[in-house]
Amino acid sequence: MKALQYLEEKCATILLENGADPNAHNNQNETPLHFALSLKKTSLAEKLLSLNADIEARTTRGYTPLLLAIEQNRQQMVETLIQNKANIHAVDQKGRTALMFALEQKSKHVVEMLLQSGIDVSAADNFGQMALAYAIASGDTNLKELILQYMKVESKHPENINPVFGRHNIFVCMWC
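Following this line, the structure appears as structure tokens:
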């Protein structure tokens, strides 16, 4: 872990090749894979994946390597993680999905990748917000339209709660 923290990729690689645990973690539950992603060490992240690093390891904030890569807008690494069967439906402690992270980053490519991979656009975070709310908050009309293409909005809630935003429709009107 220390070798990764100090950007010593070669040292970390040697340690891994000689039996260091690719799934070791610190007190924040960050693994070498999390560190490699944070430090933008793509080749080391790929090496860790080849050594069966836990692709679903969660930090204390609930971040998987995929969520971290999306938050950092690392498109190539996101693609690599998805190809390695990372769970696209993982959520952090706030209930935010990979799609919500991608919308916050305004990453159309990652949003499209996740949608094509079958991510649930109707999942809500812990505050009842769905992907469309994140798309609208991003201010990117193209992202909003993209999410709308994948949504199947049912009729409104009997108490006039909007199924997309989890709020009364009057508040939804103020957002749009």
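In our numbering, the protein residues as written are 3 to 178.
Every residue gets a Cβ at the ideal spot worked out from N, C-alpha and C, and that includes glycine.
Helix, strand or coil at Ala-135 according to DSSP, with G and I counted as helix: helix
Reduced DSSP secondary structure (H/G/I, E/B, other) of Ala-126: strand
Segments of 4+ residues assigned as alpha helix (DSSP H) that fall wholly inside the stretch 42-89: 44-52, 67-73, 77-85
For Leu-35, the nearest candidate out of Arg-63, Leu-70, Val-113, Asn-20 (CA to CA): Leu-70
CA-to-CA distance, His-91 to Leu-105, given in whole angstroms: 15 Å
DSSP state of Thr-99 mapped onto helix, strand, coil: strand
Proximal residues to Thr-44 (C-beta, below 7 Å), its chain only, five neighbours per side dropped: Gln-78, Met-79
Exposed unless 16 or more other CB atoms sit within 10 angstroms - verdict on Ala-26: exposed
Cβ-Cβ separation, Ser-119 to Ile-84 (assumed contact under 8 Å), whole Å: 6 Å
Proximity to Ser-140 [Cα-Cα], best of Gln-151, Phe-103, Glu-114, Glu-19: Phe-103
Cα-Cα separation between Phe-129 and Leu-101, rounded to whole angstroms: 16 Å
Proximity to Lys-96 [Cα-Cα], best of Asp-142, Thr-61, Tyr-152: Thr-61
Euclidean distance between Cα positions of Thr-15 and Thr-66: 22 Å
Proximity to Gly-21 [Cα-Cα], best of Asn-54, Asn-86, Glu-147: Asn-54
Straight-line gap, Leu-145 to Ile-72 (C-alpha atoms, nearest Å): 16 Å
Bridge partners - Val-93, DSSP secondary structure assignment: Thr-99
Rounded separation between Leu-68 and Val-93 - CA only: 10 Å
Asn-28 in three-state terms, based on DSSP: coil
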